[in-house]
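Data first, discussion second: the structure below is written as C-alpha cells.
Number of protein chains: 4
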Amino acid sequence: MQFRSDNYGPAHPEVMQAVMDANQGYDVSYGDDAPMQQVRAQIREIFEAPEAAVYLVATGTAANALALATLARPWQSLFCTPEAHIATDECNAPEFYSGGAKLTLVGAGDKMDAETLRAVIAPFEARGVHGAQRGPVSLTQTTELGRCYTQAEVAAIADVAHDFGQPLYMDGARLANAIAALGCSPADLTHRAGVDALSLGGTKNGCLGVEAVVFFNPARAWEFELRRKRGGHLFSKNRFLAAQMQAYLSDGLWLRSAAAANANCARLAEGLRPVPGVTFLHEPDANALFVRMPRAMHRRLRAAGGHYYLWDAEEADLAREGGPVLARMVCDWSLPVAEIDRFVALAAA
Amino acid sequence: MQFRSDNYGPAHPEVMQAVMDANQGYDVSYGDDAPMQQVRAQIREIFEAPEAAVYLVATGTAANALALATLARPWQSLFCTPEAHIATDECNAPEFYSGGAKLTLVGAGDKMDAETLRAVIAPFEARGVHGAQRGPVSLTQTTELGRCYTQAEVAAIADVAHDFGQPLYMDGARLANAIAALGCSPADLTHRAGVDALSLGGTKNGCLGVEAVVFFNPARAWEFELRRKRGGHLFSKNRFLAAQMQAYLSDGLWLRSAAAANANCARLAEGLRPVPGVTFLHEPDANALFVRMPRAMHRRLRAAGGHYYLWDAEEADLAREGGPVLARMVCDWSLPVAEIDRFVALAAA
Amino acid sequence: MQFRSDNYGPAHPEVMQAVMDANQGYDVSYGDDAPMQQVRAQIREIFEAPEAAVYLVATGTAANALALATLARPWQSLFCTPEAHIATDECNAPEFYSGGAKLTLVGAGDKMDAETLRAVIAPFEARGVHGAQRGPVSLTQTTELGRCYTQAEVAAIADVAHDFGQPLYMDGARLANAIAALGCSPADLTHRAGVDALSLGGTKNGCLGVEAVVFFNPARAWEFELRRKRGGHLFSKNRFLAAQMQAYLSDGLWLRSAAAANANCARLAEGLRPVPGVTFLHEPDANALFVRMPRAMHRRLRAAGGHYYLWDAEEADLAREGGPVLARMVCDWSLPVAEIDRFVALAAA
Amino acid sequence: MQFRSDNYGPAHPEVMQAVMDANQGYDVSYGDDAPMQQVRAQIREIFEAPEAAVYLVATGTAANALALATLARPWQSLFCTPEAHIATDECNAPEFYSGGAKLTLVGAGDKMDAETLRAVIAPFEARGVHGAQRGPVSLTQTTELGRCYTQAEVAAIADVAHDFGQPLYMDGARLANAIAALGCSPADLTHRAGVDALSLGGTKNGCLGVEAVVFFNPARAWEFELRRKRGGHLFSKNRFLAAQMQAYLSDGLWLRSAAAANANCARLAEGLRPVPGVTFLHEPDANALFVRMPRAMHRRLRAAGGHYYLWDAEEADLAREGGPVLARMVCDWSLPVAEIDRFVALAAA
C-alpha cells in the first residue's frame, strides 16, 4: 500500500520498451540523436508551439533551476509560494544556478493568487538599486498540495507578471495530472494563458528519469544550452532520455498515466471521506490527497504496511503522543485498485 | 533640516584630522600599516576580546556579506527579520557572497524574538538533503526601525542559535547607538551575550567610510581575508581606513557621537510627541524616529525644507491624495539643535 | 565504421537487463534503494576500501565538477593538464560548481609529470592573499589522448600534491580501460597510489548514463550530498542509475568491456601502422588512437562512411586543401571486428 | 628609499584638501552627491566621450572584477596575459564576480600581441557548447612590468577582439602613467583605439583610494550599478570618493603626478644603467623598473634601507646563496630626487 510518492513507482512498460529500442547500434551524442528530433516535434505539436525550444534533463530540480536561471538575473527575486518545491525542496538550487537570486514568497500555502502577487510585486523596486529587482514568477502545476490552477487563474497571474515585464514559469513536474484533470488543451493551459516557459515532468508519471524544458520564446535557448552543459546536465547518450519522452508522449501515454493516477486518488478520497475522524486539507484536484487522521488510525495503518508521508515530519515519531496527524498520500498511475481498497478498509476498520 | 539618513552627515573633525595625520610619507600596504595595528589593539581592548580577529572594510554591505559568507555555507539558510538590511537593502549581496545561501525571514518587523526563532529553526532540517540547511542567525543592533536589543534579548537569541550549532552575527552598522543607549559594556552586549561575530559601523556615526568586522572566534579569519581580497575589499592604502577607525575609537568618540545622535532623536521625539495628529510607530531607542503624520503636515514640512525618508516610498508623491504618511527621521550626531527645534516648530505650526 | 566516440555506442545487454529487472514495483527514492546498497558494497570490495563514500550521478561532467567542488575552495586553483576534459570540454563547470576556483594548466599535452607539477605548485602561494591558493590536483585516467598513468606515475604525482596538503582527484571516465590495460588492482592504481577521490565512468563503457563518485576519505561526504542535490543531480528514481552500475560491476563486466575496447583499438593500430603516410601521435595505451594521415586518405575514409573526430576542428572542412589531418579514433567495446578490418582495408587501399 | 610600490605613497595635498572641502554639512548619499556630478563631467570631457557611463569604486580589484563581470558571461573565457593582475593578484576575483568565467592566458609575459591573441581566440569555440565561449579581452595599461601599449598596439588588439564580437577592456590602474609617457590624448589611446571600457586608477597616483570605471558604451550601465551594489562597492558617502577623483582630474593633477613618477623612474634607470652587474629586464616605459643585480648588491641595498619587491619571492630570503636577483622598483610621484640619487650611489658603491 504505497502512497508515499509517485517517484516510488516503476516506469511504464511502453517507456521501458522504447529505451530498449533506442539501444540499437550507434547514435550521435549530446542531443543530436534521432529520438530527440522526434521529441522536439512531438512537444511542438502537442503544445501547438512550432517555435518552441525543447530540451531534456533527468531531474525536476535541474529543469527548474536551469530554466529559472536562464529567465532571471542574479540581482533579481523570483516569486513563488511558501510551499513551492523550488523554495522548500531543492537545497537552494535556484539560488545556486541563478548566481544568487532571491526567492520572495507570495501569500501562504501552495497556490498563488493574482492579487496577492500584485500586492507583492508592485512596490517591489521602491528601494531602487538597494533592493532585489523584480524577476520571474514561478507556479507549480499541479501544486505541491495537489491542487490545479485553472486556465483563468494562470492567465490572471501571467497578466500580473507581464504587467511588470517579468516572465511566467510553470514547474510542471505534475503538469500531466493537471491537464488530465482539467481536460483542457496543453496550449490553452500554458502559453495561451501566458506561460513563457515550463518543465514537463515524466519521472513521476511513468518514466525512469526525464523532464522536458520548453521555452515558448526561444530567445534565450542558446544560453540554456550553455547552462545545461556547465551544470553537467547534457547527456552524452541523450537518446536514452529522448526515448523515454518519446514513448511518454506517444499515443497519449502521458495523459493516460496521469488520468490513472488521478482516478486512483479519487478512489482513495472517496473511500476515506466517510471514515470517522478523517478530514481532508482540501478536496484533491489530481493525484495527491492530504488527510488529517487520528494518531491511532495512523499507527494502525503504518503497522499494516500503509506507506505515506507525514507532512509534519516531527509527527513521524510513532511513539509520540498527540493529536491527529496530517498525511500526504500520493497515488501513482501503477497503483493496484485492490491496494487502495485494502488501505481504505484498514482505515475504516 | 536634514533627517533623511545619518549617512548624509559629515565626518567628525577628529576623524578628518587622523586621516590627514596618516598621510605622512610611506607606509606598508594591504593592512600591515601602523594605524591598523593600533585599531586591532583598540577593538580587542574595548570588547575585552584579546583573541578577536579584526578587519576593516569600507561599506556596511561588504562587512555583512563577507562576514556572513564566512560563517555560512552555500546550502544553508541565514535567519533574519523581514526588515533586516541584509534582506531588503543589499541587492542580494548575502546570496552573492555566500554562493547561493537563502535568507529565511523570522517573524514580522524589525526585531527578532527568541521563541519565534526557535519555532522556525527547530523543524528546519526536516526535509534532510532536500531543504536548505540551518545557517547563521543575524541580528541588527540597533534595528532598522531604531530599536535596541537588550543584553538579555541578545542572549536568548544566541542560546537558540547555539542550541542548533549555528553562530550569531550582529549587524552593527549602528551598534554604537545601542551601546550608548543601553549604557552597557561592549563585551556584555556582544560576545558575553553569545555574539560570535559582528560589524562595528563607523560610516553612519562620524567616519568617511569604514566598518570593522570582528570575529570573537578567529578560526575562520584566514578564510575571511581571502574572501575580502577576492571581493575587492582589501585596500592597498588600508591606512586611510585604519586612521578613521583609530580616531573613531579614541577618547570614546564613537560613543560620544552616538550619544549625541541619540540625544538629538530624543529631542525631536519630545518635540513632536505633543503635536496633534502625530503618532510614533514606537518610542525610539536610539537615533531613528518613525513618525506617522497627516499628509498636510508632511507637505508643509517638505515645502519648508524638511528632509526625511517616507517609509512607504509610494507616498513620496506629494501630489497624491490620501491619509497620513509614515516618515523615518534619522538624527545625525552633527545635527544642530536649532535645526531640530525649527523642524518641530514647523510641524506644530 | 564508427570511431567517433565511445559515447556513440549502445548499452551492454547485461546492463539493459538489470534496468529492466529494477523496474519491479516500488522502491525508495533518492538513493536509499536496494540496488544502491549493493553498488556501495561492490565498489568498496572492488577497491578494497571499506570506508569509502560512494555516490552515483548520470554524467561525467557532474561527477568531476561535484567532486572537485567538494575538494576545493573558491579561492583556490585546481591543477590539471591543458588537455584535461575539465579544462577544455565542460563549459566552465568546475569554475561554476566550485564558486569561482581557477584551473592552472600544468605542462603541455595530456599527461602530467610529477616534477613539472612540483615546479608549478611549489611557488604557487608566493603572493599570499593576493594570488589564488593551492587546490586539488586532477588527473585523467586514461588521459584525453588515450594514455595511461602507471601506478608509479600516479604515486609520484600524489606525493607532490600531498606534500603541499592538497588532495589528488582522478577523472576516471575511462578508468576501466586503464585498469584493463595495466592489469593492476583497482586499489593499487588509486588509493594505494595516493588518489583521494575519483570518478568511475560507466557511460562510455557499456552503460546508458551513470558515473560513480568515490571518496576514499568520507570526511566531506555529507557536503557532497548537499552539492549533488542543489546541483540537481540527485535522482528520485536512483534505482535506475544503481541498476546500471550494479550490472556493470558484476562478473567483471566493466573490465570485460574495457578489455574489448582496448583490443579493438590495438587491432585498429596494428592494421593502420604499416599503411604508408600514416603515423601515430603516440602508441595507444587503451581504446583511443590518434592518427595523422594524408588528407586524401581522410577524404576517402569519410566518403566510405568512416566516422572519427578531427582533433583540429578547423580541418573538418573536407574542401580545404592542406597537409595531413590528425584524427582521433575511439574504439567502443561493441565495435564489430569486421568493421575495424574494413576500415583498415579502406585506409590501405 | 621606498621603491616597493606606488601604493605605499601618500595622497597628494590637493586631493587631501578636496576631501576636507567635501566634508561640509550634508550631501546626498549613494552617488547622487554634487562632487560626483562634476567627476562625471570631467571624465566625459577628458576622454571626449559625452555618452560615457562613469562610476567610482575604492579598489582596483573591484573596478576590474565588476567591469569584467558586466562585460562577460559565466560560460565565457576572458583573455589576458600570464602577468595580468586579474590573473595573478586578485585571488580569483574575476572568476567570483563573473559567476565562474575562465581566464585564458595569451602569450607569455606582460604584453599581449594582436597576432598571438588572434591565434588563441580564432579556434576558441571549436568545441561548441562543450568549451568555454569567447569573452572580453583585457589589457593592462601600463603593464604589470611597466611597459606601455602604443595607440597602434591597442587598436590592433581591439580589432581582433571586435572581429570576434568581443569587447576590449583596459585595466587602467596606471593608465595615467601611460598617457603621460606617450603624450597622446586619453581618447586616442582608449575608445578611439577601440577600448570599450576601462578603469582609471587614482589610488597608485596620489589618491587615498579611488578608481573610476568608464563604459564608453553605456548599454550595460544599470547592470554595473546593480553589480556594484551587491558587491558592496557602492559607498553611502560617495562624496569622499568623488572629491578625490575631482581633485585628481583638476588642473591635470593626474598627469602631473604620473609624469613625476615616470621622471623619477627615468632618473633611477639612468643612474643604475652604468652600474656594473646591473641589467634591466627591459627599458622602462613608465614608473616601474625591473632590475637584475648581483645578490651582494641586493644585500647591501637592503641593509642600507633600500625597499623594493623581489619578483621571484623565493629570493626574498637574504641568507640564501645564489645568483642575481630580479627586483621590481616602482617610483611614486612623491619620491624625493635625493632619495633616488642616494639609492643609485649605494648601488654603485
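Residue numbers (our numbering), protein chains in the order written: chain A, 7 to 355; chain Y, 7 to 355; chain G, 7 to 355; chain U, 7 to 355. Note that beta-carbon positions come from the ideal geometry of N, C-alpha and C, so glycine has one too. Since we're looking at a predicted model, the values are computed, not measured.
Outcome for residue i when other beta-carbon atoms lying within 10 angstroms are tallied against a minimum of 16
{"i": "Y:Gly-311", "result": "exposed"}
{"i": "A:Val-343", "result": "exposed"}
{"i": "Y:Ala-354", "result": "exposed"}
{"i": "A:Arg-305", "result": "exposed"}
{"i": "U:Glu-327", "result": "exposed"}
{"i": "U:His-239", "result": "buried"}
{"i": "A:His-136", "result": "buried"}
Contact with chain A by residue i, beta-carbon distance below 8 Å
{"i": "G:Gln-30", "result": "yes"}
{"i": "Y:Pro-173", "result": "no"}
{"i": "Y:Trp-260", "result": "no"}
{"i": "Y:Pro-282", "result": "no"}
{"i": "G:Gly-215", "result": "yes"}
Short CB-CB distance (under 8 Å) between residue i and chain U
{"i": "G:Lys-235", "result": "no"}
{"i": "A:Gly-105", "result": "yes"}
{"i": "Y:Gln-44", "result": "no"}
{"i": "G:Thr-94", "result": "yes"}
{"i": "A:Trp-81", "result": "yes"}
Distance, residue j Cα to residue i Cα
{"i": "A:Asp-347", "j": "A:Ala-275", "result": "11 Å"}
{"i": "G:Trp-260", "j": "Y:His-91", "result": "55 Å"}
{"i": "A:Met-42", "j": "A:Val-60", "result": "9 Å"}
{"i": "Y:Leu-109", "j": "G:Glu-131", "result": "35 Å"}
{"i": "G:Ser-340", "j": "G:Arg-180", "result": "15 Å"}
{"i": "G:Ser-205", "j": "G:Ala-69", "result": "6 Å"}
{"i": "U:Ala-187", "j": "U:Ala-266", "result": "10 Å"}
{"i": "G:Ile-163", "j": "G:Glu-121", "result": "8 Å"}
{"i": "Y:Gln-172", "j": "Y:Gly-141", "result": "6 Å"}
{"i": "G:Ser-144", "j": "G:Phe-221", "result": "14 Å"}
Segment limits, beta strand (DSSP E) that includes residue i
{"i": "Y:Phe-85", "result": "82 to 86"}
{"i": "Y:Arg-411", "result": "Missing from the structure shown is residue 411 of chain Y; chain Y here goes from 7 to 355 and no further."}
{"i": "A:Arg-236", "result": "Counting along the chain, A:Arg-236 falls outside any beta strand (DSSP E), though it belongs to the alpha helix (DSSP H) covering 227 to 236."}
{"i": "U:Ala-90", "result": "Neither: U:Ala-90 is in no beta strand (DSSP E) and is coded neither H nor E."}
{"i": "U:Gln-139", "result": "139 to 146"}
{"i": "G:Ala-203", "result": "203 to 207"}
{"i": "A:Leu-195", "result": "No beta strand (DSSP E) contains A:Leu-195, which is instead part of the alpha helix (DSSP H) from 192 to 195."}
Run of the alpha helix (DSSP H) containing residue i, from where it starts to where it stops
{"i": "G:Tyr-175", "result": "From DSSP, G:Tyr-175 is part of no alpha helix (DSSP H) but of the beta strand (DSSP E) over 174 to 177."}
{"i": "G:Met-299", "result": "It is not in any alpha helix (DSSP H) - G:Met-299 instead sits in the beta strand (DSSP E) that spans 294 to 299."}
{"i": "A:Gly-66", "result": "66 to 77"}
{"i": "A:Gly-277", "result": "259 to 278"}
{"i": "Y:Tyr-254", "result": "245 to 254"}
is_contact[residue i, chain Y] using C-beta, thresh 8 Å
{"i": "U:Asp-38", "result": "no"}
{"i": "U:Glu-34", "result": "For clarity, residue 34 of chain U is Val in the given sequence; the question names Glu instead. Chain Y contact via Cβ: present."}
{"i": "U:Gly-212", "result": "no"}
{"i": "U:Asn-13", "result": "yes"}
Cβ of residue i within 8 Å of any chain G Cβ
{"i": "A:Tyr-314", "result": "no"}
- prompt: Mind listing which residues of the region 133 to 160 of chain U have their C-beta closer than 7 Å to chain G's C-betas, in chain order?
  reply: Arg-133, Val-135, His-136, Gly-137 and Ala-138
query: Which residues, in order along the region 49 to 65 of chain A, keep a beta-carbon less than 8 Å from a beta-carbon of chain U?
result: none
- prompt: Quick one, which residues of the region 225 to 256 of chain Y are near chain G if we go by CB-CB under 9 Å, in chain order?
  reply: Trp-228, Glu-229, Glu-231, Leu-232, Arg-233, Arg-234, Lys-235, Arg-236 and Leu-240
message: If the cut-off is 9 Å on Cβ atoms, which residues from the region 95 to 129 of chain Y count as contacting chain A, listed in chain order?
response: Cβ contacts with chain A come from Asp-95, Glu-96, Cys-97, Asn-98, Ala-99, Pro-100, Glu-101, Phe-102, Tyr-103, Ser-104, Gly-105, Gly-106, Ala-107, Lys-108, Leu-109, Leu-111, Ala-128 and Pro-129.
field: Residues, ordered as in the chain, of the region 179 to 190 of chain U that lie near chain Y by beta-carbon distance below 8 Å
entry: Going along the region 179 to 190 of chain U in chain order, one finds no residue with a Cβ nearer than 8 Å to chain Y.
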